[in-house]
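Okay, so the sequence shown: first residue is 1 according to full-length UniProt numbering, each after it adds one. Worksheet: one structure, shown below.
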Amino acid sequence: MYKKFEMELAGRTLRVDVDRVAKQANGAVLMHYGDTTVLCTATASEKPREGIDFFPLSVEYNERMYAVGKIPGGFNKREGKASENAVLTDRVIDRPMRPLFPKDYRNDVTLENLVLSVDQDCSPELTAMLGAAIATTISDIPFDGPISTTQVGLVDGEFVINPTAEQKAVSDLALTVASTREKVIMIEAGANEVPEQQMIDAIFKAHEVNQEVIKFIDTIVAECGKPKHSYESFAVPEELFTAMKEVVTPEEMEEAVFTDDKQTREENIRVVTEKLEEAFADNEEWLAILPDAVYQYQKKTVRKMILKDHKRPDGRQIDQIRPLAAEVDLIPRVHGSAMFTRGQTQICDICTLAPLSEAQRLDGLDEAETTKRYMHHYNFPSYSVGETRPSRGPGRREIGHGALAERALVPVLPSEADFPYAIRTVSETFESNGSTSQASVCASSMALMAAGVPIKSAVAGISCGLVTGDTDDDYLVLTDIQGLEDFFGDMDFKVAGTHEGITAIQMDIKIHGLTRAIIEEAIAKTRKARLYIMDEVMSKAINEPRAEVGEYAPKIIQMQIDPQKIGDVVGQRGKTINAIIEQTGVKIDITDDGAVSICGTDAKGMEQARKLIYTIVTDFEAGQVLEGKVISIKEFGAFVEFAPGKEGMVHISKISKERVNHVEDVLTLGDTVKVVCLGKDKMGRFSFSMKDVAE
């Protein structure tokens, strides 16, 4: 026997099965939303992991292709590494849940979410977010839940809760909001320049729905919840802090952290740590936890300086942005490049253009997304933070930062009809000290314009931080947080957008939620900052997209042909189209509806390819003058090829006004000749003439 709980959520049934499967996990629920089914489990190790100073939480969102009735593509018919969508879902589940576990908890915790079936109108990602929260809340793992998550769309100016696939396709907003009983704890959004006030209204519309779901979860917990288990606390003892302050006074610690140079600060902290190690040399227990204690001491010092003294570590005002710089075209021969610098954060972005056939193919659970035309990739090498470690490809953070910048820029891109290119931008992190993702948005926006991509507006991004006190009214919102303020603060609120409105939001916090007042202030401050960045910095480097793509970028000619003629252009086994490509040096893409894209860097070759395709798809008409090459000579005349696979015959009597006894007397193989179509002969075949061209 198992227990079943149901509620109506946005017109569809949400069902939670408890004690039906996976009973050996600390907590497990089989989630059903419509026909979407996800198994969500929460497990914790019996003992803490040794030698760590953080909470080891792992979140996994496992997509299975059988969930949409498919077998994985490629040679290996088994799911491989996690897709980008799965990684982003892992992160969006992790962000609201991590702050609700005890900070001194060191047991390994894994939240597994297995997608078993997908109803395209009921998001499996949302179902997993709800399931992970419910499984953890009913388990014996210490967790200050419950929380709920809601998605909001914007269709024809109206908010839509948990939109269907059809609604998502036309929505101007893709917003995900997680909430506790009282506050908003996570925001993630992509938007088509949605105004700030409308975004705030959408956030709190989702927050209202979350409260209804939390009431539903409470009924499950009341009947199925387990008592929370005790655990070994790894909190730094107060007596150690007291002893540390006798060795290194709060004033000395303030002096150590009060600098705008990251390397100087790290050296100062190294000196402080050595001093404390020397003082506690005889106390092995304290030495073992000293690194965490020094971190906590720095954190308390920085938070006190900001909140009580309104004094930031680098000396800036609360709403002051670090020194900014922007430039374009610093990398030669690439299609477009730009660099954006904010303090010790520096991003170089390179834009590459290619035919639409180079768009990324997606093999995932969302049937609406099979290709991706715009790709934004983000790299974070160790040298950017003065460290050394081998490069092992992008991690979850890098994938997340790239996706955030991509989401911010998609709303301003031209349509495929207006700009028939696949577009890739790559953000290389040269230096990092806070909010490289938003510097990527700025650099990418400029690189796109430098490459001649006709984006409808520049996009800029900025991040706000937060330091809170003992009450909801005791807080300070900081504009443009650097790394130290991110580490020791309570929030990283990233907002990107244009002059018209917001295109992307991502909010990470370390506390149990934000009030409406904090969210409104953060959104207002990010708007003011991004307008300043666009108007005073980015526009002075490049203020509009270039009129044409660069010298080294491929050029594209588009033409439309009758879909019935596609076979003529392609030819048997691709013989015709390959001959055109070899002859002209271009790349040709043809869609099923007859849209032809001719791509190349040589204008002459591209125009030649266009003429050849036009010749192939155009039916012969009397009076039409054509130019072709003699490919075969017979006793009765010569065959002329006008384009690969399209030829006609000139009878010996039509070669010249003078009498011709032998074709070879006038023509040789390979000659280029002009002919005129005379129409059809008595047998219905087209007749061509060289001698009548002048007429």
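No residue lacks a Cβ here, since even glycine has one placed at the ideal position from N, Cα and C. Note that the structure is a prediction, hence the values are computed from the model and not measured.
So, using beta-carbon positions, are residue i and residue j closer together than 7 Å?
| i | j | result |
| --- | --- | --- |
| V257 | V302 | yes |
| A86 | Y61 | yes |
| L365 | V118 | yes |
| S440 | L409 | no |
| A522 | C442 | no |
| T45 | N113 | The sequence given here places Ser at residue 45; Thr does not occur at that position. Going by C-beta atoms, S45 is not nearer than 7 Å to N113. |
| P644 | A547 | no |
| V663 | S656 | no |
| V650 | M690 | yes |
| G469 | L307 | yes |
| L466 | G452 | no |
| T584 | G571 | no |
| A165 | D104 | no |
| V109 | L175 | no |
| S171 | G153 | yes |
| S457 | T498 | yes |
| I509 | M491 | yes |
| V115 | R64 | yes |
| F216 | M7 | yes |
| E431 | Q320 | no |
Which residues bound the beta strand (DSSP E) around residue i?
| i | result |
| --- | --- |
| H377 | 374 to 379 |
| H512 | First-last for H512: undefined, no H or E at that position. |
| R316 | It is not in any beta strand (DSSP E) - R316 carries neither H nor E in the DSSP assignment. |
| N113 | 107 to 117 |
| L365 | First-last for L365: undefined, no H or E at that position. |
| E428 | 421 to 431 |
| A460 | 460 to 468 |
| K634 | 625 to 634 |
To which residues does DSSP link residue i through a beta bridge?
| i | result |
| --- | --- |
| F5 | V16 |
| E158 | V155 |
| N62 | L114 |
| H499 | Answer by DSSP bridge pairing: none, since H499 is not bridged. |
| A326 | F340 |
| H651 | G637 |
For residue i, decide whether its Cβ has a neighbour in chain B, counting only Cβ atoms nearer than 7 Å.
| i | result |
| --- | --- |
| D619 | The structure shown contains no chain B; it holds only a single protein chain. |
Which two residues bound the contiguous alpha helix (DSSP H) that contains residue i?
| i | result |
| --- | --- |
| Y297 | 290 to 309 |
| K215 | 196 to 224 |
| F487 | 483 to 488 |
| R265 | 262 to 279 |
| M253 | 250 to 257 |
| H401 | 396 to 409 |
| E166 | 165 to 170 |
| L126 | 124 to 138 |
| D589 | Per DSSP, D589 belongs to no alpha helix (DSSP H); it is in the beta strand (DSSP E), 587 to 590. |
| E658 | Careful: E658 lies outside any alpha helix (DSSP H) and carries neither H nor E. |
| G567 | 566 to 570 |
| I577 | 575 to 584 |
Does residue i come out as helix, strand or coil in the three-state DSSP assignment?
| i | result |
| --- | --- |
| V617 | helix |
| S357 | helix |
| R610 | helix |
| R91 | helix |
| P237 | coil |
| H229 | coil |
| P644 | coil |
| Y552 | coil |
| S444 | helix |
| R98 | helix |
| A541 | helix |
| L531 | helix |
| L667 | coil |
Using a 10 Å radius around the Cβ and a threshold of 16 neighbouring Cβ atoms, would you call residue i buried or exposed?
| i | result |
| --- | --- |
| A178 | buried |
| F55 | buried |
| H207 | buried |
| S391 | exposed |
| L478 | buried |
| M683 | exposed |
| M1 | exposed |
| A325 | exposed |
| A405 | buried |
| I631 | exposed |
| T338 | Checking the displayed sequence, the identity of residue 338 turns out to be Ala instead of Thr. Buried is the call here. |
| H32 | buried |
| H310 | exposed |
For residue i, is the beta carbon positioned less than 6 Å from some heavy atom of the ligand NAD?
| i | result |
| --- | --- |
| S171 | Looking for the ligand NAD in the displayed structure turns up nothing, as the structure carries no ligands at all. |
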